[in-house]
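In the working numbering, the protein residues as written are 10 to 112. Each residue gets a CB set at the ideal place from its N, CA and C atoms; glycine is no exception. The next block holds one structure in the form of structure tokens; read it before the comments.
Spelled out as structure tokens, the structure:
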């Protein structure tokens, strides 16, 4: 659950999408803000397993994904489905804004 108010999230959305024409450019705006702001690596728990989030990417099919690692195993997870740890890493407000926008 987000700790950000709707007004704060809407301000972040405005910042991420200010020059965007259409949904594809808005998505690219969110990806850029997440990629530039999110402090990685950080540790979180996915399906009961502790993993390291080591980066983010924008897929060809238009999804923002987090690259996660556990030992030699690497796997992507949609950023909308990524559980954030407590405390959340620096820059996670952009994930929250993206989730609010995508709802």
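Practice item. Would you mind listing the alpha helix (DSSP H) stretches within the segment 28 to 84 that are 4+ residues and don't spill past its ends, in chain order? Key: If we require 4 residues or more, the alpha helix (DSSP H) runs fully inside the segment 28 to 84 come out as 32 to 46.
Check your understanding: Taking the DSSP output, what are the residues bridged to residue 87?
Key -> Taking the chain shown and counting its residues from 1, one reaches residue 87 at position 78. Per DSSP, the beta-bridge partners of residue 87 are 74.
Exercise for review: Could you tell me whether the segment 92 to 105 touches the segment 47 to 66, where touching means 3 or more Cβ pairs closer than 8 Å?
Suggested key: Yes, the segment 92 to 105 is in contact with the segment 47 to 66.
Exercise for review: Return helix, strand or coil for residue 15, following the three-state DSSP convention.
Suggested key: For the purposes of this step, residue 15 is taken as residue 6 along the chain shown, with counting starting at 1. If DSSP states are grouped into helix, strand and coil, residue 15 belongs with the helices.
**Study point:** Closest by C-alpha distance to residue 109, when choosing among 61, 31 and 39
**Key:** As a first step, residue 109 is located in the chain shown; it is residue number 100 there, counting from the start. Across the set 61, 31 and 39, the C-alpha of 39 shows the shortest separation from the C-alpha of residue 109.
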